[in-house]
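Numbering (full-length UniProt numbering), first residue to last: 1 to 524. Glycine included, every Cβ here is placed at the ideal spot set by N, Cα and C. In this text, all values refer to a predicted model and were calculated from it rather than measured experimentally. Take a look at the structure set out below.
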Amino acid sequence: MQQKSHTNSSAYVDRLRLTFPGEESLLFKDLSFNISTGEKVLLLGPSGCGKSTLLQVLSGIIPHSIEVPLKYDAIKLPSRWGFVFQDPDSQFCMPYVDEELAFVLENLSIPQEHMQAYMTDILERVGLQFADLHIEISTLSQGMKQRLALASVLLLEPEVLFLDEPSALLDPEGTKQIWDTVKRAASASTILIVEHKIEHVIDMIDRVVLFDNSGNILADGEPNHIFQRHKDKLIEYGIWYPDVWLDYLQSEAYRTIVQSRNEVRVHQDGMNPACKLQFGNNRAEPILSLQDFAGYYEDIRKIYVSACDIYPGEWIAIVGANGAGKSTLLLSLMQIIRTSGTYYVSGKKIASSHKKRWFEVLSSKVQRPPAELAFVFQNPEMQFLTDTIYNELAYELRQDSVGEDDIARRIEQMLTAFDLNVSHDRHPYHLSLGQKRRLSVATAMMRERPVLLLDEPTFGQDAKNTFAMLEKLEQLRSNGTTIIMITHDMHIANSFADRVWQIDDGKLLKMTVPVPVIREVQLT
């Protein structure tokens, strides 16, 4: 590819070569990239192709903060920039909301008496409101943390803004609000974006750069040109593009899922539990049963369920705004935080947990989570226990004394299914966020427990890996596994779930059957 002129460039790099420790091949091989002043550029490519890494190189985070061997012929870094990471926890400097924002304002020499007004204004712009700003960041939901991270960066009024999936953990309304805020507050800034929810940024970007699996640039140009002329490559590499869900719902893979579900409903006595509920057939025994059930942080009730039953082979999608209590519900089901009320798992009554903080589960003296449940945390790093991908997948199987030959076979199958064909010895922390998420889901599936709880398992995934993960979950569900999954993607809720739970202000308010599922049952 011909090198662009660097006239009027905010940042550029010429002939970048980079490799991560322990990897044999280069991630970038003589990559040249340039972004002009005021330009809004969207980077697209499959998970693990180096999009986030390129942002970190152009900001100087690599190698100045993260030591990674790299070479280049020339590079220009912006003098005043802001960076919003995929994982908001990785960029906070202070433990409290007001201290985090004050840290930024102090560096801008804002007088202390004016700081409160700056804080209130920026928090309102990103959709955050607190009765008291002196609140621990660790107690916020991941979506709220992501808004706070963007607020702290926008306070800097940066010339160049690096946005690495800033809406990945946000609900639909929050996503729209965040991007509307960026469009208003940073309209004059140069912006380099990595984002899967491209429908929210398509109207603001000037240019799209498309990468392949190895970090090579396949196409670079005006958005409509890229989406129209290179749709075959977008499909091949599993990249999100406009109307990708419409194409998937018309695909043979999804049609097979619908046909299989309808056949079960019509021909088998053990029909899908959601249909039993719909038509009054309640012969199946619930695998989970809740009555007057609540979960607490410290002594404050954060989630409440008056009564519900969950059945074997049922897929529940949990939806709701950031901070509504969705993750707290899953933590409560796992008995990772303090709970109260009546809770049965496979007919066995579970004693209420008395933990005040989730990390007390690490103590050998406290009650363990129910053995029937597997859990995928919202932050994948919270569940990694070993220093290699292979050992991470083998961990629970070894606890069950499974033979090493059988372990090796099952790991190879799982690595292929989740597109994790990288070195088995690679440390889980050295993966991209999307790869970490897939590894966390894969590890939870290895033991094949009756109930699988997943906290936003598809965030940070390209389209190919999203659909592959959903199909793998559907395979488990068809074999009797109960899936309880938090998602902000209503396409997933409406296309895969048997029931959708609406969580609002710490309560389970609604349990509904998605319209497509009802329609399919009626048509049969």
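Residue i Cβ short of 7 angstroms to the ligand HEM heavy atom set
{"i": "Gly238", "result": "The ligand HEM is not among the ligands present in this structure, which contains no ligands whatsoever."}
Reduced DSSP secondary structure (H/G/I, E/B, other) of residue i
{"i": "Leu277", "result": "Bear in mind that a pLDDT of 46 at Leu277, under 50, signals an unreliable position, so the model cannot answer this."}
{"i": "Gln86", "result": "coil"}
{"i": "Thr342", "result": "strand"}
{"i": "Met334", "result": "coil"}
{"i": "Glu113", "result": "helix"}
{"i": "Asn262", "result": "helix"}
{"i": "Lys197", "result": "coil"}
{"i": "Ile35", "result": "strand"}
{"i": "Glu222", "result": "coil"}
{"i": "Ile310", "result": "strand"}
{"i": "Phe227", "result": "helix"}
{"i": "Ile217", "result": "strand"}
{"i": "Arg301", "result": "strand"}
{"i": "Ile316", "result": "strand"}
{"i": "Asp30", "result": "strand"}
{"i": "Glu285", "result": "coil"}
{"i": "Glu448", "result": "coil"}
{"i": "Glu392", "result": "helix"}
{"i": "Glu23", "result": "coil"}
Which residues DSSP lists as bridging residue i, in chain order
{"i": "Lys71", "result": "Arg17"}
{"i": "Met511", "result": "Trp501"}
{"i": "Thr91", "result": "Looking at the sequence itself, residue 91 is Gln, so the reference to Thr does not match. Beta-bridge pairing links Gln91 to no other residue."}
{"i": "Ser9", "result": "Ser36"}
{"i": "Tyr241", "result": "None, per the DSSP bridge assignment."}
{"i": "Trp81", "result": "Val160"}
{"i": "Ile191", "result": "Lys40 and Leu161"}
{"i": "Lys51", "result": "Note: Lys51 sits in no beta bridge, so no partner."}
{"i": "Glu136", "result": "Tyr96"}
{"i": "Lys436", "result": "Answer by DSSP bridge pairing: none, since Lys436 is not bridged."}
{"i": "Lys348", "result": "Val345"}
{"i": "Lys326", "result": "BP columns for Lys326 are empty, so no partner."}
Segment limits, alpha helix (DSSP H) that includes residue i
{"i": "Arg409", "result": "Glu404 to Ala417"}
{"i": "Ala321", "result": "Neither: Ala321 is in no alpha helix (DSSP H) and is coded neither H nor E."}
{"i": "Lys233", "result": "Lys231 to Glu236"}
{"i": "Leu288", "result": "That residue, Leu288, is in no alpha helix (DSSP H); its beta strand (DSSP E) goes Leu288 to Tyr297."}
{"i": "Asn107", "result": "Val97 to Asn107"}
{"i": "Asn465", "result": "Ala463 to Ser478"}
{"i": "His424", "result": "First-last for His424: undefined, no H or E at that position."}
{"i": "Ala149", "result": "Gln142 to Leu154"}
{"i": "Leu385", "result": "Taken as a continuous stretch (DSSP letters only), Leu385 belongs to no alpha helix (DSSP H), as it is neither H nor E."}
{"i": "Ser495", "result": "Met490 to Phe496"}
{"i": "Pro166", "result": "Segment: none, Pro166 is in no alpha helix (DSSP H) and carries neither H nor E."}
{"i": "Ile62", "result": "Ile61 to His64"}
Rounded Cβ spacing between residue i and residue j (contact assumed at less than 8 angstroms)
{"i": "Trp501", "j": "Ile316", "result": "6 angstroms"}
{"i": "Thr512", "j": "Gly313", "result": "With 8 angstroms as the limit, Thr512 and Gly313 do not qualify as a contact, their Cβ atoms being about 19 angstroms apart."}
{"i": "Leu453", "j": "Leu373", "result": "6 angstroms"}
{"i": "Arg17", "j": "Leu26", "result": "6 angstroms"}
{"i": "Ser340", "j": "Ile303", "result": "Contact flag wrong, Cβ pair sits at about 11 angstroms."}
{"i": "Met490", "j": "Pro457", "result": "That belief does not hold up - the Cβ atoms of Met490 and Pro457 are roughly 16 angstroms apart, past 8 angstroms."}
{"i": "Ile503", "j": "Leu329", "result": "7 angstroms"}
{"i": "Phe384", "j": "Ala444", "result": "No, Phe384 and Ala444 are not in contact; Cβ-Cβ is about 12 angstroms, not under 8 angstroms."}
{"i": "Gly320", "j": "Gly143", "result": "With a Cβ gap of about 10 angstroms, Gly320 and Gly143 do not count as contacting."}
{"i": "Thr181", "j": "Lys197", "result": "Actually they do not touch by this definition, with Cβ atoms about 15 angstroms apart."}
{"i": "Ala442", "j": "Leu420", "result": "7 angstroms"}
{"i": "Leu439", "j": "Pro380", "result": "7 angstroms"}
Buried versus exposed, by CB contacts within 10 Å (16 or more), residue i
{"i": "Thr342", "result": "exposed"}
{"i": "Gly48", "result": "buried"}
{"i": "Ser90", "result": "exposed"}
{"i": "Pro370", "result": "buried"}
{"i": "Tyr429", "result": "exposed"}
{"i": "Ile66", "result": "exposed"}
{"i": "Glu165", "result": "buried"}
{"i": "Asn34", "result": "buried"}
{"i": "Asn107", "result": "exposed"}
{"i": "Leu234", "result": "buried"}
{"i": "Phe359", "result": "Because Phe359 sits at a pLDDT of 48, beneath the cut-off of 50, its placement in the model cannot be relied upon, and the point is left open."}
{"i": "Arg368", "result": "exposed"}
{"i": "His6", "result": "exposed"}
{"i": "Gln56", "result": "buried"}
{"i": "Asp387", "result": "exposed"}
{"i": "Asp171", "result": "buried"}
{"i": "Ser260", "result": "exposed"}
{"i": "Gly347", "result": "exposed"}
Where the beta strand (DSSP E) containing residue i begins and where it ends
{"i": "Met485", "result": "Thr482 to Ile486"}
{"i": "Ala374", "result": "Leu373 to Val376"}
{"i": "Arg207", "result": "Arg207 to Phe211"}
{"i": "Asp180", "result": "From DSSP, Asp180 is part of no beta strand (DSSP E) but of the alpha helix (DSSP H) over Pro172 to Ala185."}
{"i": "Val451", "result": "Val451 to Asp455"}
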